[in-house]
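Here is the structure we will look at.
There are 2 protein chains.
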Amino acid sequence: MSSALQHIQSLPTWLIGRVASRGRSLVGDAIAAEGLKLMHHAVLAATAEYGPVAQADLGRRLAIDPKDMVGMLNHLQQAGLVLRTPDPADRRKNAVTVTPKGTAVLARCGRLAASANAELLSPLSPDEQRQLMALLTRVHEAPSHPRSSARADSTAPSTH
Amino acid sequence: MSSALQHIQSLPTWLIGRVASRGRSLVGDAIAAEGLKLMHHAVLAATAEYGPVAQADLGRRLAIDPKDMVGMLNHLQQAGLVLRTPDPADRRKNAVTVTPKGTAVLARCGRLAASANAELLSPLSPDEQRQLMALLTRVHEAPSHPRSSARADSTAPSTH
DNA sequence: GTCCTATCGTTGGGATGCCCAATGAAATGG
DNA sequence: CCATTTCATTGGGCATCCCAACGATAGGAC
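Chains as they are written, first to last, in the numbering used here: chain Z, 3 to 162; chain L, 3 to 162.
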């Protein structure tokens, strides 16, 4: 086993980073036809999904810095895709909603993004694509891993 | 099946991007104890692996911009971890090599990075980790599948 | 009611990663 | 000899991410 992972490019983080970079490139190029950047599309999609939502909520869900969220929403609002309405229940918040135009753009972008994602995973069979997504989901949804790397690894065999 | 991938956060590119981000964070924090950033470590490791190598070669292998490579090698050289020697066979090139100090730092960083990578994949069993790496490798190593196998690319060995 | 603390949107600065372009020096091929 | 290319370097621009503040507002403690 000592030889297989000698290369820095074979380590998990590096490999995942390369695949992620290619995915960003594919999706970004695809939705560029609609005039949106990657993160703008993500914000637009999340806004459409989570109804009227505060900027801070959007930022937490998408792991976007509040500073950058301001600029993105400015851009999206100027393009007429989203609306910022003061929240009567909490006047600190902006209730962000999607305009009809935003919904239309999002529909087209969604198809383009789906196609780009399909191209990214095209080397795999549909079954393998599901396997990959399932494994990544489990890696992603294991947040805490409380105490560090010392012991938690394989001492509890039967769990799965 | 149509509803499962409604969320932007469930799309492959987004999921891979989040996992990649967490991996970068884990590895970066780990090797920060040795005073190296992620990319610095990658450059150092690639230099150690590929013997004396030109900067442009390093950049191509690691997908690093030549502009940034200059700064990284400046930093690594100033820290005494690598050496830039003019290549007698091609005086445009700098033959980058690792110093003994660089080798020592790389050994420690390699262990730290391996531990961080193990923590990233810790939600998966060893077998599942291998499956994930195999799937990602196939996605990564499938270059241009876009236009169906046009043979036009192989017609250009005329460069030399 | 008055404090204290926390959150919200916003603005600022700084570090980094990635893209496009240009330079002078040097190698390569005709 | 000449045209093309590569190399290291420098420059600018844009986007992502981190840290820090600010005024305004909300919520709880008292």
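Note that beta-carbon positions come from the ideal geometry of N, C-alpha and C, so glycine has one too.
### Task
Give a yes or no on whether 8 Å exceeds the smallest Cβ distance from I33/L to chain Z.
Within the second sequence, numbered from 1, the residue matching residue 33/L stands at position 31. Judged by the 8 Å Cβ criterion, I33/L is not in contact with chain Z.
### Message
So if DSSP puts N96/Z in a beta bridge, which residue, or which two residues, is it bridged to?
### Response
What you label residue 96/Z is simply residue 94 of the first sequence in a count that begins at 1. Note: N96/Z sits in a beta bridge opposite P88/Z.
### Message
Taking a contact to mean a Cβ-Cβ separation below 8 Å, would you say V141/Z touches L123/L in this structure?
### Response
If you number the first sequence from 1, residue 141/Z lands on position 139. If you number the second sequence from 1, residue 123/L lands on position 121. Yes, Cβ-Cβ distance for V141/Z and L123/L is below 8 Å.
### Query
Is it true that the CB of V29/Z sits closer than 8 Å to the CB of L118/Z?
For the purposes of this step, residue 118/Z is taken as the residue at position 116 of the first sequence. For the purposes of this step, residue 29/Z is taken as the residue at position 27 of the first sequence. Reading off the sequence shown, one finds Ala at residue 118/Z, where the question assumed Leu. Yes.
### Query
Quick one: Cα of Y52/Z to Cα of L60/Z, how far?
If you number the first sequence from 1, residue 52/Z lands on position 50. If you number the first sequence from 1, residue 60/Z lands on position 58. One C-alpha to the other measures close to 9 Å.
### Message
Strictly by DSSP, which residues pair up with V55/L?
### Response
Here the question's residue 55/L lines up with position 53 in the second sequence. For V55/L, which the question treats as bridged, DSSP gives the partners V98/L.
### Query
Just how far apart, CA to CA, sit D89/Z and A48/Z?
To locate residue 89/Z, count along the first sequence from 1; it is residue 87. To locate residue 48/Z, count along the first sequence from 1; it is residue 46. In a straight line, the C-alpha of D89/Z is about 18 Å away from that of A48/Z.
### Message
Using only the alpha-carbon positions, how far apart do Q133/L and A34/L sit?
### Response
Numbered from its first residue, the second sequence carries residue 133/L at position 131. Numbered from its first residue, the second sequence carries residue 34/L at position 32. So the alpha carbons of these two residues sit roughly 29 Å apart.
### Task
Find the nearest neighbour of R94/Z within the set A56/Z, L126/Z, R62/Z and K69/Z, judged by alpha-carbon distance.
For the purposes of this step, residue 94/Z is taken as residue 92 along the first sequence, with counting starting at 1. With distances taken between Cα atoms, R94/Z lies closest to A56/Z.
### Query
For a contact meaning CB atoms closer than 7 Å, what does E130/Z contact in chain L?
Within the first sequence, residue 130/Z is the residue found at index 128, counting from 1. Result: L137.
### Task
Decide if T15/Z is buried, meaning its Cβ has at least 16 other Cβ atoms within 10 Å, or exposed.
For the purposes of this step, residue 15/Z is taken as residue 13 along the first sequence, with counting starting at 1. Under a 10 Å Cβ-count criterion, T15/Z is classified as buried, with 16 or more other Cβ atoms of the shown protein chains found around its own Cβ.
### Message
Quick check on the DSSP output: the alpha helix (DSSP H) that includes K2/L runs from which residue to which?
### Response
Residue 2/L lies beyond the residue range present for chain L, which begins at 3 and ends at 162; the question has no answer from this structure.
### Message
Can you tell me where the alpha helix (DSSP H) holding A22/L begins and where it ends?
### Response
On the second sequence, position 20 is the one that residue 22/L refers to. For A22/L, the uninterrupted alpha helix (DSSP H) run begins and ends at P14 to I33, by DSSP.
### Query
With respect to the alpha helix (DSSP H) encompassing L138/L, which residues constitute its N-terminal and C-terminal limits?
Here the question's residue 138/L lines up with position 136 in the second sequence. Per DSSP, L138/L belongs to the alpha helix (DSSP H) from P128 to H142.
### Message
So Q133/L contacts chain Z; which residues on that side make the cut at Cβ distance below 8 Å?
### Response
Numbered from 1 along the second sequence, position 131 holds the residue referred to as residue 133/L. Those within 8 Å of Q133/L in chain Z are Q133 and L137.
### Query
For chain L, is any of its Cβ atoms less than 8 Å away from the one on L25/Z?
Against the first sequence, residue 25/Z aligns to sequence position 23. Before going further, note that residue 25/Z is Gly rather than Leu in the sequence given. Yes, G25/Z counts as interfacial toward chain L.
### Task
Give the C-beta separation of A50/L and V98/L to the nearest angstrom, bearing in mind that I take them to be a contact with Cβ-Cβ under 8 Å.
Counting from 1 along the second sequence, the entry for residue 50/L is found at position 48. Counting from 1 along the second sequence, the entry for residue 98/L is found at position 96. Cβ-Cβ separation between A50/L and V98/L: approximately 10 Å, too far for a contact (criterion under 8 Å).
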